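In the working numbering, the protein residues as written are 75 to 236.
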């Protein structure tokens, strides 16, 4: 009768390892081979009712070169979460390489967020957004380019791990 979110304590991942070194040595272009694997993975999509909701693929393209493809639906993890996960990964990696204990921020249980959400006054929230959005009649589109003055800078970052 009402939407329900289920958060499992544990969930298996779909993990694949592909070794394409022979194809690269036979003249296949490394980036193209990895791109094809990523496109194939993306085409699989996700069925939220039955699929494992996170897929990890490691592609080995040379003796010491690996590519990591991490797929998940946006409903599982958004851009905000991704920044946190990548930051935590970097700290864990640096601490492991430096032989020190990792210094990660305290984690709040997701259940505490759900409790907070349930305590909110939905009528007050609805009224706030109705007033805030009053006068908007059409669909608003995001700009294709973000002004440099906004502080946001789109980009791609390649991380090389020792």
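Every residue, glycine too, gets a C-beta built ideally from N, C-alpha and C.
Note that this is a predicted model, so its numbers are computed, not measured.
Look at the Cβ atom of residue 129, then the Cβ atom of residue 115, and state whether they are nearer than 8 angstroms.
-> yes
Does the region 168 to 186 come close enough to the region 134 to 154 to have 3 or more Cβ pairs within less than 8 angstroms?
-> no
Does DSSP put residue 104 in a helix, in a strand, or in coil?
-> helix
Sufficient close CB pairs (3 or more, under 8 angstroms) joining the region 119 to 128 to the region 142 to 149 | yes
From 107, 105, 194, 127, residue whose alpha carbon lies closest to that of residue 84 = 127
Could you check the C-alpha separation between residue 163 and residue 143 for me, to the nearest Å?
-> 15 angstroms
Whole runs of the beta strand (DSSP E) within the region 90 to 151, excluding any shorter than 3 residues | 129 to 136, 139 to 145
Residues of its chain near residue 210, where Cβ-Cβ distance is below 8 angstroms and the 5 sequence neighbours each way are ignored | none
Leaving out five residues on either side along the sequence, give the residues of the same chain with a beta carbon under 8 angstroms from the beta carbon of residue 177.
-> 165, 169
Based on Cα-Cα distance, which residue from 214, 134, 155, 95 lies nearest to residue 181?
-> 155
Under 8 angstroms between the Cβ atoms of residue 184 and residue 81?
-> yes
Do residue 135 and residue 95 have their CB atoms nearer than 8 angstroms?
-> yes
So, are the CB atoms of residue 98 and residue 92 less than 8 angstroms apart?
-> no
In or out: residue 56 buried (at least 16 other Cβ within 10 Å) or exposed?
-> Lying outside 75 to 236, the shown extent of the chain, residue 56 is not represented and no answer is given.
With distances taken between CB atoms, is the gap from residue 113 to residue 133 smaller than 8 angstroms?
-> no
What's the C-alpha gap between residue 194 and residue 215?
-> 29 angstroms
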